[in-house]
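Enquirer:
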Amino acid sequence: MFGTRLAAAMDEHGPLCVGIDPHEHLLASWGLPASAAGVREFALRTVSELKGSVAAVKPQSAFFEQYGSAGVAALEETLAAARDAGLLTVLDIKRGDIGSTMGAYAKAYLDPASALAADSITVSPYLGFGALEPAFELAAAHGKGVFVLALTSNPEGAEVQHAVRDRESVAGSIVSRVRQRNAQALGTPDDLGPFGLVVGATISTAARDLGFDPSDCGGPILAPGVGAQGAGLTELRAVFGSRALESGQVLATASRAVLGAGPDGLAETAAALNRALTVTD
Numbered sequence: 001m002f003g004t005r006l007a008a009a010m011d012e013h014g015p016l017c018v019g020i021d022p023h024e025h026l027l028a029s030w031g032l033p034a035s036a037a038g039v040r041e042f043a044l045r046t047v048s049e050l051k052g053s054v055a056a057v058k059p060q061s062a063f064f065e066q067y068g069s070a071g072v073a074a075l076e077e078t079l080a081a082a083r084d085a086g087l088l089t090v091l092d093i094k095r096g097d098i099g100s101t102m103g104a105y106a107k108a109y110l111d112p113a114s115a116l117a118a119d120s121i122t123v124s125p126y127l128g129f130g131a132l133e134p135a136f137e138l139a140a141a142h143g144k145g146v147f148v149l150a151l152t153s154n155p156e157g158a159e160v161q162h163a164v165r166d167r168e169s170v171a172g173s174i175v176s177r178v179r180q181r182n183a184q185a186l187g188t189p190d191d192l193g194p195f196g197l198v199v200g201a202t203i204s205t206a207a208r209d210l211g212f213d214p215s216d217c218g219g220p221i222l223a224p225g226v227g228a229q230g231a232g233l234t235e236l237r238a239v240f241g242s243r244a245l246e247s248g249q250v251l252a253t254a255s256r257a258v259l260g261a262g263p264d265g266l267a268e269t270a271a272a273l274n275r276a277l278t279v280t281d
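End of the sequence shown sits at 281 in UniProt numbering; the numbers just go up one at a time, nothing left out.
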């Protein structure tokens with residue numbers, strides 16, 4: 001099951017997940033063209049350099065898709081290379097739709113027969129949490145993971161995520177629904193479930209102010225915002241609490257803070273950030 005695999009990987013390699021976000025300015029700093037070929041070289045080099053250094057990588061699909069079929073082919077190669085390197089993958093796609101369309105997205109990214117299959121994906125619940133059921137079902141069938149957007153750090157997100165219905169915030173209801181889904185999948189609350197949340201590492205007291213604890217979801221938490229966006233161990237403690245960090249529930253994500261070191265400095269920078277994020281007391 002994905003939760004168990006992720007917990008083991010984090011125990012061995014630390015809490016850091018490196019985002020593979022080939023922005024044009026990063027491609028330029030690496031001496032690469034802003035093209036599918038440049039993105040391919042950037043991503044494959046990142047995977048190669050990070051092998052054995054981190055628990056997971058998080059390719060951002062949009063940076064590949066913008067170059068059309070050649071960019072998607074580069075994403076396929078990146079996912080395959082990560083598998084070969086023993087790195088878990090979180091494919092950041094934020095898909096969310098209804099019925100057969102959501103089912104098709106699930107097959108594209110969670111079915112092992114697909115060239116785009118990842119170990120886990122990000123999804124958006126804002127067409128209704130129940131609309132994500134095809135992704136949950138396929139993930140459970142194949143030992144994959146699903147991270148549901150819950151409380152993000154972008155200011156625009158608050159108008160939906162902070163909204164209150166029947167005395168519960170939208171974000172809080174997502175935590176509750178993910179917890180229920182994990183309980184169904186596990187049958188026991190003692191293990192880390194396959195279904196988790198995306199909660200920004202820079203949200204400060206937002207979750208507490210809304211009256212819920214993200215760690216109650218029973219699954220892993222993907223926490224973007226580490227490094228260049230300002231979050232470190234102190235901010236992670238403030239958002240998630242020491243218990244969630246010590247138990248290996250929080251997968252902290254950094255992109256620019258690692259990628260900006262250039263291809264020759266990736267492994268060393270990731271190792272240093274991993275140490276800085278590791279709870280030792």
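All residues carry an ideal CB built from backbone N, CA and C; glycine is no exception.
In this text, all values refer to a predicted model and were calculated from it rather than measured experimentally.
Residues in its own chain within less than 7 angstroms of Ala140 by CB, not counting five upstream and five downstream?
Expert: Ala185 and Pro194
Enquirer: By the three-class DSSP mapping on this structure, what secondary structure does Arg165 have?
Expert: strand
Enquirer: Hey, could you find the ends of the alpha helix (DSSP H) Leu110 is sitting in?
Expert: Gly99 to Leu110
Enquirer: Since Ser48 is in the alpha helix (DSSP H), which residue starts that stretch and which ends it?
Expert: Ala36 to Leu50 is the span of the alpha helix (DSSP H), which, as asked, contains Ser48.
Enquirer: Going by beta-carbon coordinates alone, are Leu127 and Ile98 separated by less than 8 angstroms?
Expert: Cβ distance < 8 angstroms, so Leu127 and Ile98 count as in contact.
Enquirer: Given Gly103, which residues of its chain have a CB within under 7 angstroms of its CB, disregarding the five upstream and five downstream residues?
Expert: Pro134
Enquirer: Is the separation between the beta-carbon of Gln161 and that of Val170 shorter than 8 angstroms?
Expert: yes
Enquirer: Ala73 lies in the alpha helix (DSSP H); which residues open and close that run?
Expert: Gly68 to Ala85
Enquirer: Write down the C-beta distance between Pro220 and Leu251 rounded to the nearest angstrom, noting that I regard them as a contact closer than 8 angstroms.
Expert: 6 angstroms
Enquirer: Please determine, among Leu273, Leu277 and Arg256, the residue with the shortest C-alpha to C-alpha distance to Leu27.
Expert: Arg256
Enquirer: Quick one: measure Cβ to Cβ for Thr253 and Gly19, integer angstroms, because I've assumed they're closer than 8 angstroms.
Expert: 6 angstroms
Enquirer: Mapping DSSP to helix, strand and coil, what is Pro220?
Expert: coil
Enquirer: For Gly31, which of Glu268, Glu168, Ala276 and Gly260 has the nearest alpha-carbon?
Expert: Gly260
Enquirer: So the alpha helix (DSSP H) Ile174 belongs to, where does it begin and stop?
Expert: Val170 to Leu186
Enquirer: Counting along the chain, where does the alpha helix (DSSP H) carrying Asp92 start and finish?
Expert: If you look at Asp92, you'll find it isn't in any alpha helix (DSSP H); it sits in the beta strand (DSSP E) that goes Leu88 to Arg95.
Enquirer: Which residues share a DSSP beta bridge with Ile20?
Expert: Pro59
Enquirer: Report yes if the CB atom of Gly232 is closer than 8 angstroms to the CB atom of Asn182, and no otherwise.
Expert: For the pair Gly232 and Asn182, the CB atoms are not nearer than the 8 angstroms cut-off.
Enquirer: For the region 67-74 against the region 202-211, do three or more pairs of beta-carbon atoms, one drawn from each stretch, fall closer than 8 angstroms, so that the two count as touching?
Expert: no
Enquirer: Answer yes if the region 9-23 comes into contact with the region 137-151, meaning at least three C-beta pairs across the two stretches below 8 angstroms, and no otherwise.
Expert: no
Enquirer: Can you tell me whether Gln66 is buried or exposed, with buried defined as 16 or more other CB within 10 angstroms of its CB?
Expert: exposed
Enquirer: Roughly how many angstroms separate the alpha carbons of Ser29 and Gly262, rounded to a whole number?
Expert: 7 angstroms
Enquirer: Give me the residue from Phe240, Glu168 and Ile121 with the minimum Cα distance to Gly211.
Expert: Glu168
Enquirer: Compare the C-alpha of Ser48 against each of Ala276, Gly265 and Glu137 and name the closest.
Expert: Gly265
Enquirer: Inspect the beta-carbon positions of Val164 and Ala118 and report whether they are closer than 8 angstroms.
Expert: no
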